[in-house]
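**Q** Using this note's numbering, the letters of the sequence shown map in sequence onto residues 30 to 154. Here a beta-carbon is modelled for each residue, glycine too, at the ideal position from N, C-alpha and C. The structure that follows is given in the form of structure tokens.
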Amino acid sequence: EALEPGGVLFVTAPDAGSLQARVFGPRWFEHEVPRNLHHFDKGALETTLRTAGFESVRIQHLATERELVGWVRDARDAVLGPGKRSVLRSLALGAALLPGAAMATAVGQAVDRGGTLLAIARRAM
């Protein structure tokens, strides 16, 4: 309602259909509540925006450093498990995981399953 007819809305959201979300399942970091109350894949975000009265909806994946960090963090947590951990051990493992995380980020982008969605939509006139 705050956006005038014809106005453009930009939305970014974690992609619940991403390669990262599929690999880590319920341990995927972006499941974090209450920061992320709703989770969308590409189709769900498009449907939600169209239902809310937006048209000319375009959704693409946005590569950010957050995705690379997410791969490292989620893989590190899968290896070390929950709870307290040594900072040095956590940093060393994170550094070791970085090349694989970079590759996973690139693959996710290449197959249109990146970690972050960018939606651009125009409010109907």
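Where are the alpha helix (DSSP H) runs, 4 residues long or more, that stay fully inside the stretch 61–91, in chain order?
**A** The qualifying runs are 71–80.
**Q** Could you spell out where the alpha helix (DSSP H) holding R118 opens and where it closes?
**A** That run of the alpha helix (DSSP H) goes V116 to A139.
**Q** Considering just the uninterrupted stretch of the alpha helix (DSSP H) at A50, what are its terminal residues?
**A** Here the alpha helix (DSSP H) through A50 covers L48 to F53.
**Q** May I have the straight-line CA-CA distance separating S85 from G99, to the nearest angstrom?
**A** Rounded to whole angstroms, S85 to G99 spans 30 Å at the Cα level.
**Q** When the Cα of M154 is compared with those of L122, A121 and F83, which residue comes out closest?
**A** Closest by alpha carbon: F83.
**Q** Measure the alpha-carbon distance for A42 versus G137 and round it to whole angstroms.
**A** C-alpha separation (whole angstroms): 15 Å.
**Q** From D141 to H90, what does the alpha carbon distance come to, in whole angstroms?
**A** Near 7 Å, if we compare the C-alpha coordinates of H90 and D141.
**Q** On the criterion of 16 or more Cβ atoms from any shown chain inside 10 Å, does E96 qualify as buried, or is it exposed?
**A** Buried.
**Q** If you drop the 5 nearest sequence neighbours on each side, which residues of the same chain put their C-beta closer than 7 Å to that of L127?
**A** The residues are V101.
**Q** Relative to the C-alpha of A150, which candidate in L78, P111, V108 and L120 has its C-alpha closest?
**A** For the residues L78, P111, V108 and L120, the minimum Cα distance to A150 belongs to L78.
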